[in-house]
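Enquirer:
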Amino acid sequence: VQQVRALLTTAAKYPTLRLRILLAVTTGLRRGDIEAMGIGDVHFDRNTITTRNRKAGKTMPERPVPEEIVTELSNYVATLPDGQERLFPDRFSPKKWDRIREQVKFPGLTFQVLRKTFASLLAQRGVSTAVTQRLLEHSSPQLTNDVYTNVDPVLRQAVNQLPVSDWV
Numbered sequence: 001v002q003q004v005r006a007l008l009t010t011a012a013k014y015p016t017l018r019l020r021i022l023l024a025v026t027t028g029l030r031r032g033d034i035e036a037m038g039i040g041d042v043h044f045d046r047n048t049i050t051t052r053n054r055k056a057g058k059t060m061p062e063r064p065v066p067e068e069i070v071t072e073l074s075n076y077v078a079t080l081p082d083g084q085e086r087l088f089p090d091r092f093s094p095k096k097w098d099r100i101r102e103q104v105k106f107p108g109l110t111f112q113v114l115r116k117t118f119a120s121l122l123a124q125r126g127v128s129t130a131v132t133q134r135l136l137e138h139s140s141p142q143l144t145n146d147v148y149t150n151v152d153p154v155l156r157q158a159v160n161q162l163p164v165s166d167w168v
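With the first letter of the sequence shown counted as 1, position 124 gets the number 124 in full-length UniProt numbering; the numbers rise by one all the way through.
1. Is DSSP giving R20 helix, strand or coil here?
2. What is the DSSP secondary structure of T79, reduced to helix, strand or coil?
3. I need the straight-line Cα distance from M60 to N47, nearest angstrom please.
4. Per DSSP, what kind of secondary structure is K55 in: helix, strand or coil?
5. Hey, L87 and G38: beta-carbon distance below 8 Å or not?
6. According to DSSP, simplified to helix, strand and coil, what is F1?
7. Is A123 buried or exposed, if buried means 16 or more other CB atoms sit within 10 Å of its CB?
8. Do L17 and L8 have their C-beta atoms closer together than 8 Å?
9. What's the C-alpha gap between T129 and N145?
10. Is it true that the CB of V4 sits closer than 8 Å to the CB of T117?
11. I need the straight-line Cα distance from A78 to A158, nearest angstrom please.
12. Report the three-state DSSP secondary structure of F104 (helix, strand or coil).
13. Based on the DSSP secondary-structure assignment, which residues constitute the bridge partners of V70?
14. My guess is that R115 and G28 are in contact by the Cβ rule of under 8 Å, so how many angstroms apart are they, rounded?
15. If you compare alpha carbons, which of L19, R54, V25 and G83 is closest to G40?
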């Protein structure tokens, strides 16, 4: 959580990159799917977005998005010229991304890591693997567990039931 905050604070000087990062850590979307989004894919009145998973060729018409992120998107879209269709008309800048990674001292940080962070944060908060799988649009819960979560929340909860405080 602190690392995400540091990343977003550092990215503040690049507003569209910051928004891309916010979308990645709050939706689990791949960078390519974020880049492909249009303004019409954001449903401001329902706090949802329509996403097209380019990798799997699927569409999720009502992906929930935190209200705060929709507010950020609304404020951003208000600054775009009339007739603009793409959500991000500028291209993703690897140079800006590298500068941010260097400043926050995460040299190996990729957008895929942001996707994994999304899944891990959900798991840490007790969200089921099945729900996380649906949000990531994975073919199976096993794939989600194997690749994206550090510890299965059910296993964590089970271990936390042990009376360790009685022993130490």
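Every residue gets a Cβ at the ideal spot worked out from N, C-alpha and C, and that includes glycine.
These figures come from a predicted structure and were not determined experimentally.
Expert: Working from what's here:
1. helix
2. coil
3. 14 Å
4. coil
5. yes
6. A small correction: the amino acid at residue 1 is Val; Phe does not occupy that position in the sequence shown. Three-state result, V1: coil.
7. buried
8. no
9. 7 Å
10. yes
11. 47 Å
12. Correcting the residue type first, residue 104 is Val in the shown sequence and not Phe. The answer is helix: DSSP assigns V104 an H, G or I state.
13. BP columns for V70 are empty, so no partner.
14. 5 Å
15. G83
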